[in-house]
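Enquirer: When you line the sequence shown up against our numbering, it's residues 24 to 147, in that order.
Cβ coordinates follow ideal geometry from the N, Cα and C atoms, glycine included.
A quick note: this is a predicted structure, and the numbers were derived from the prediction, not measured.
Below you will find the structure I want to go over with you.
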Amino acid sequence: MLTAGAPEPPALPAHVRCIRLPFLSQADYDRLLWCCDLNLVRGEDSFVRAQWAGRPFIWQIYPQHDEAHADKLNAFLDRFPPVPGLRELWRGWNGLADLPPRLPPLPAWEGQCQAWREELLAQP
């Protein structure tokens, strides 16, 4: 799915389809995140909402001229529950390394996302 303003993707494989969505209210955006098997989010606000959704997600961090984005990404990954292959995937997705050939297994990844959400909810 693409949100409003996203460019049209290049030719997609036959088993993949693109659904263009309008701009969404925050509540509708949250529901969308909860319904997806994998969320690709960009920017800090969407990053936070994806964490609350408890679903597997990839954060495309905004690059910064002083490379501070790499430090921010690594700091988050140092705290996030370990998922085999996730660090490599996120670093590759953000142009900081080569992309791995496959995604981490979604069930284990989702379990870690839910554990992270529970850890966040336990904070005062």
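Looking only at its own chain, which residues have a Cβ that is under 7 angstroms from the Cβ of isoleucine 84, when we skip the five neighbours before and after it?
Expert: Within the same chain, isoleucine 84 has close Cβ partners His92, Lys95, Leu96 and Asn117.
Enquirer: Determine the direct distance from the alpha carbon of glutamine 74 to that of cysteine 136, and round the result to whole angstroms.
Expert: For cysteine 136 and glutamine 74, the distance between alpha carbons rounds to 7 angstroms.
Enquirer: Terminal residues of the continuous alpha helix (DSSP H) containing valine 71?
Expert: Its alpha helix (DSSP H) spans residues 67 to 76.
Enquirer: If you scan the segment 76 to 103 from start to end, which runs of the alpha helix (DSSP H) of 4 or more residues do you find wholly inside it?
Expert: The segment 76 to 103 contains these whole alpha helix (DSSP H) runs: 91 to 102.
Enquirer: From the DSSP output, which residues share a beta bridge with asparagine 117?
Expert: In the DSSP output, where bridge partners are listed per residue, asparagine 117 has none listed.
Enquirer: Using beta-carbon positions only, say whether isoleucine 81 and leucine 63 come within less than 8 angstroms of one another.
Expert: In contact: isoleucine 81 and leucine 63 (Cβ atoms closer than 8 angstroms).
Enquirer: Between the Cα of arginine 125 and the Cα atoms of Glu133, Gly115, Leu119 and Gly134, which residue gives the shortest distance?
Expert: The residue with the shortest Cα to Cα distance from arginine 125 is Gly115.
Enquirer: What's the gap between the Cα of alanine 37 and the Cα of glutamine 146?
Expert: Taking the straight line from one Cα to the other gives about 45 angstroms.
Enquirer: Just to confirm, is the Cβ distance from leucine 129 to leucine 44 under 8 angstroms?
Expert: It is not a contact, given that the beta carbons lie outside the stated cut-off.
Enquirer: Look at leucine 56 and arginine 72 and say whether their C-beta atoms are less than 8 angstroms apart.
Expert: Yes, the Cβ-Cβ distance between leucine 56 and arginine 72 is below 8 angstroms.
Enquirer: Quick one, are the C-beta atoms of alanine 76 and proline 104 less than 8 angstroms apart?
Expert: No; because the gap between Cβ atoms is not below 8 angstroms, this pair is not in contact.
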